[in-house]
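Let me begin by presenting the structure, written as structure tokens, before commenting on it.
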Amino acid sequence: MKILVPIAKVPDTTSKIAFVDNNTKFSPDGVTFIMNPTDEWYALVRAIELKEKQGGEVVVIHVGLADSEQIIRKALAIGADKAVRVDADPTDAYFVAAQIAAHAKTENYDLIIAGKETIDYNSYEVGGMVAELLDLPCVALVQKLDIENGVATIKREIEGGTETVEAKLPLVICAQKELAEARIPNMKGIMGARTKPLAVVPADATEKLTAITSYAVPEKAKECKYVSPDNVAELIRLLHEEAKVI
Amino acid sequence: MSVLSVVEISEGKIKKASVEAAFYGSKVAEGLGTDSIAVVLGEASADELATLGQVGVKNVLHANDARFNNFDSKAFAKAVGEAVSASGATVVSISFNQNGKLLAPRLSVRLKAAYVPGAVDLPVFSGASATVKKNVFSGKASAQYQLNTEKKVIAVNPNSLSPVRGTGTASVEAFAPAVTDADFSTVVKSTDKIVGEIPLSEAELVVSAGRGLKGPENWGMIEEMAHLLGAATACSRAVADVDWRPHHEHVGQTGLTIRPNLYVAVGISGAIQHLAGVNGSKVIVVVNTDPEAPFFKAADYGIVGDAFQVVPKMNEEIKKLKSAH
Ligand SMILES: Cc1cc2nc3c(=O)[nH]c(=O)nc-3n(C[C@H](O)[C@H](O)[C@H](O)COP(=O)(O)OP(=O)(O)OC[C@H]3O[C@@H](n4cnc5c(N)ncnc54)[C@H](O)[C@@H]3O)c2cc1C
Chain D
1134 MKILVPIAKV
1144 PDTTSKIAFV
1154 DNNTKFSPDG
1164 VTFIMNPTDE
1174 WYALVRAIEL
1184 KEKQGGEVVV
1194 IHVGLADSEQ
1204 IIRKALAIGA
1214 DKAVRVDADP
1224 TDAYFVAAQI
1234 AAHAKTENYD
1244 LIIAGKETID
1254 YNSYEVGGMV
1264 AELLDLPCVA
1274 LVQKLDIENG
1284 VATIKREIEG
1294 GTETVEAKLP
1304 LVICAQKELA
1314 EARIPNMKGI
1324 MGARTKPLAV
1334 VPADATEKLT
1344 AITSYAVPEK
1354 AKECKYVSPD
1364 NVAELIRLLH
1374 EEAKVI
Chain H
104 MSVLSVVEIS
114 EGKIKKASVE
124 AAFYGSKVAE
134 GLGTDSIAVV
144 LGEASADELA
154 TLGQVGVKNV
164 LHANDARFNN
174 FDSKAFAKAV
184 GEAVSASGAT
194 VVSISFNQNG
204 KLLAPRLSVR
214 LKAAYVPGAV
224 DLPVFSGASA
234 TVKKNVFSGK
244 ASAQYQLNTE
254 KKVIAVNPNS
264 LSPVRGTGTA
274 SVEAFAPAVT
284 DADFSTVVKS
294 TDKIVGEIPL
304 SEAELVVSAG
314 RGLKGPENWG
324 MIEEMAHLLG
334 AATACSRAVA
344 DVDWRPHHEH
354 VGQTGLTIRP
364 NLYVAVGISG
374 AIQHLAGVNG
384 SKVIVVVNTD
394 PEAPFFKAAD
404 YGIVGDAFQV
414 VPKMNEEIKK
424 LKSAH
């Protein structure tokens, strides 16, 4: 089975978020970049587990510039077999999806497993867009994925519960928590990653459909109104009369 | 020209999140001086669909076809794409809920439309382009997305607008998209819904607790508060990880993102990854023994105190309030 896993580079969650150039650009100053957690912990690890069980190959693809090499090597250290980097700045989801789809068209992948969202733009879009570009079925918010004789059994989140669906390969999956347990790369993996193939390819000409014109950080944190633990009635009164939420 | 909203049906009823998407669509249509149209896929009664008129929808395109009763992203994208052609829509409004998060990006590719995932406000038009606000960096900032194509797809973050209901009635028109059985690529085998509880992602009031409660046996008072308020329960990841609470209750960066009107956080420290899932809530109440707990910085109301004393008192006061009204 041949599996493709798109991986994104994002600021570490504890990073301070700041903008420059009149609030039109994200400032990477002092920010640590990591592999997007849902891509790493769930999509990549489940792909590797499926390969370990059934044989095949796991390829990671990243759209980004040369400074992303570290996260690509980490994916190889965790257990991907090879990597492709599309050499372009990933500023628009459609552009990124088009790059991934262009690569996928040249290889016959049985499965593409993306993360459900990235923790920077929280957009939940690349997996679905790739599926539409390739005219493939797609299931998102996936918590469980098993494959038997070319048929995937998938558990996905729905409002207030889960649903189990079946779909034939080839297929696109958007992974979320519970799909796998994160793996920490071991020494052997880290050493091996250095010699695994990493192809750098130019971007496909694709237009960008959106642009971010400005950012804003919420005005100073709200002011908390404290109520004494001996006067709980006052809290309930405030919630009812002032906030009007109960 | 028109604005098309995608409205989902669950067990014959319009989903709450879709009412909001339809209201959003109507507001956009009003701004553009055009009609608000809705598309509904799956079986539903005409009476139920006519109620969309209350949020400004003029006409409903209804594919009353049982094949659509279960969500299939490929077939839905194709069918909604046809509804866009049929209605001449230039803007499509979809809820940014579980299904919308997949349907909207697929549809945007199909239409070659610029797409904003999780809009929190109405778009501002300037000539052929529009700018829409959305939250980024897990709620730590917002961004203005500029949509530069003629057709635009907007997925509306749940609980961003409160729909105002009027008295209108929508007309309902049969709609038969050319979707074949082969377009349905997924088959639903079973569903597992938590019955009798309010789904967390739809809840307007949420009562949540964390490691401060010491053990799973102490959740009775939290469940009682939820019951008294008609709220859903949630929890921090720390307690879901040790199985004190089920994983579907876990909110935050790696769990659900919710935006209820009220979020009560008891014995939760307010780690940045937890806040990422709840800081869009309208009103946040924090109960914590530690005055330095970071959650107080995100709170509207706070009590520095022991949950085991404060929560039972809150429940007593809520009972009094409920019996007086
Ligand atoms: C990459 C990553 C992703 C993560 N994603 C999430 C996520 O999605 N959601 C999430 O919740 N966490 C997430 N976490 C974990 C997060 O960082 C915190 O560890 C977690 O939220 C802590 O849970 P807690 O507040 O219940 O526990 P604690 O941090 O242990 O806090 C317990 C709180 O209870 C208070 N307390 C103690 N006794 C009482 C009492 N008697 N009455 C009242 N208050 C009391 C304490 O003062 C303390 O503030 C993530 C972490 C990482 C690294």
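Which chain is which? The protein sequence lines are D and H, in order.
Okay, so the first sequence: first residue is 1134 according to this note's numbering, each after it adds one.
Okay, so the second sequence: first residue is 104 according to this note's numbering, each after it adds one.
Each residue gets a CB set at the ideal place from its N, CA and C atoms; glycine is no exception.
TODO: Show which residues of chain H have a CB atom less than 8 Å away from the CB atom of residue 1368 (chain D).
DONE: 388, 404, 406, 417 and 420
TODO: Using a cut-off of 8 Å between C-beta atoms, extract the partners of residue 1141 (chain D) located in chain H.
DONE: The contacting residues do not exist; residue 1141 (chain D) stays about 14 Å from chain H at best.
TODO: Check whether the Cβ of residue 409 (chain H) sits closer than 6 Å to any heavy atom of ligand 3, and report yes or no.
DONE: This structure lacks ligand 3; the ligands present are ligand 1.
Task: Closest residue to residue 1280 (chain D) among D:1329, D:1215, D:1186 and D:1350 (Cα-Cα distance) - done: D:1186
Open item on the list: Tell me whether residue 1220 (chain D), by its Cβ, gets closer than 6 Å to a heavy atom of ligand 1.
Closed with: no
- [ ] Look up residue 295 (chain H) in the DSSP assignment and give the residues it is bridged to.
- [x] D:1295
Task: Exposure label - residue 303 (chain H); buried when at least 16 CB within 10 Å - done: buried
Task: Close Cβ partners of residue 326 (chain H) (< 7 Å) along its chain, the five nearest in sequence each way excluded - done: 336
- [ ] Quick one: list the residues of chain H neighbouring residue 1311 (chain D), beta-carbon separation under 7 Å, in chain order.
- [x] 350
Task: Meets three-Cβ-pair contact criterion under 8 Å: the region 1135-1153 of chain D and the region 1172-1186 of chain D - done: yes
Open item on the list: Quick check on residue 403 (chain H): buried or exposed, where buried means 16 or more other Cβ atoms within 10 Å of its Cβ?
Closed with: buried
- [ ] Let me know the secondary structure DSSP gives residue 1252 (chain D) once reduced to three states.
- [x] coil
Open item on the list: Contact between the region 1150-1165 of chain D and the region 1289-1304 of chain D is defined here as three or more beta-carbon pairs at a separation below 8 Å; is this criterion met?
Closed with: no
Open item on the list: Do residue 192 (chain H) and residue 135 (chain H) have their beta-carbon atoms positioned less than 7 Å apart in this structure?
Closed with: no
Open item on the list: For the pair the region 234-253 of chain H and the region 1335-1343 of chain D, tell me if three or more CB-CB distances fall below 8 Å.
Closed with: yes
- [ ] Identify, in the order they occur along the chain, each residue of the same chain with its Cβ nearer than 6 Å to the Cβ of residue 1270 (chain D), setting aside the five sequence neighbours on each side.
- [x] 1300 and 1304
Task: First through last residue of the beta strand (DSSP E) which encompasses residue 234 (chain H) - done: 232-239
Open item on the list: Which of the three DSSP states is assigned to residue 350 (chain H) in this structure?
Closed with: helix
- [ ] Indicate whether at least one CB of chain D lies closer than 7 Å to the CB of residue 181 (chain H).
- [x] no
Open item on the list: Below 8 Å on the Cβ atoms is my contact criterion, and I expect residue 185 (chain H) with residue 280 (chain H) to pass it. Report the Cβ-Cβ distance as a whole number of Å.
Closed with: 4 Å
Task: Proximity test, Cβ basis, 7 Å: residue 317 (chain H) and chain D - done: no
Task: Stretch-stretch touch, CB-based, cutoff 8 Å, three pairs: the region 310-319 of chain H with the region 255-272 of chain H - done: no
TODO: Could you confirm whether any beta carbon from chain D is found closer than 7 Å to the beta carbon of residue 127 (chain H)?
DONE: no
- [ ] Using only the heavy atoms of ligand 1, determine whether one of them is closer than 6 Å to the beta carbon of residue 392 (chain H).
- [x] yes
TODO: Check whether the Cβ atoms of residue 1295 (chain D) and residue 224 (chain H) lie closer than 7 Å to each other.
DONE: no
Open item on the list: Which runs of the alpha helix (DSSP H) at least 4 residues long sit entirely within the region 1202-1278 of chain D? Give them in chain order.
Closed with: 1202-1211, 1226-1239 and 1259-1267
TODO: Report yes if the C-beta distance between residue 131 (chain H) and residue 194 (chain H) is below 7 Å; otherwise report no.
DONE: yes
TODO: Could you confirm whether any beta carbon from chain D is found closer than 7 Å to the beta carbon of residue 413 (chain H)?
DONE: yes
Task: Every unbroken beta strand (DSSP E) within the region 373-425 of chain H, with a cutoff of 3 residues, ordered by chain - done: 386-391 and 404-407
Task: Straight-line Cα distance separating residue 1244 (chain D) from residue 357 (chain H) - done: 23 Å
Task: Pick from H:178, H:162, H:161 and H:373 that is closest to residue 169 (chain H), judged by C-alpha positions - done: H:178
Open item on the list: Would the region 1212-1228 of chain D count as touching the region 1186-1204 of chain D if we require 3 or more Cβ pairs under 8 Å?
Closed with: yes
Open item on the list: So residue 305 (chain H) contacts chain D; which residues on that side make the cut at Cβ distance below 8 Å?
Closed with: 1292 and 1293
Open item on the list: On the CB-based measure, 16 or more other CB atoms within 10 Å of its CB, does residue 1327 (chain D) come out buried or exposed?
Closed with: exposed
TODO: Check the C-beta distance from residue 222 (chain H) over to residue 255 (chain H) and give it rounded, since I have them as a contact under 8 Å.
DONE: No, residue 222 (chain H) and residue 255 (chain H) are not in contact; Cβ-Cβ is about 10 Å, not under 8 Å.
Task: Within chain H, the residues that residue 1262 (chain D) reaches when beta carbons sit closer than 9 Å - done: 208, 209, 211, 212 and 218
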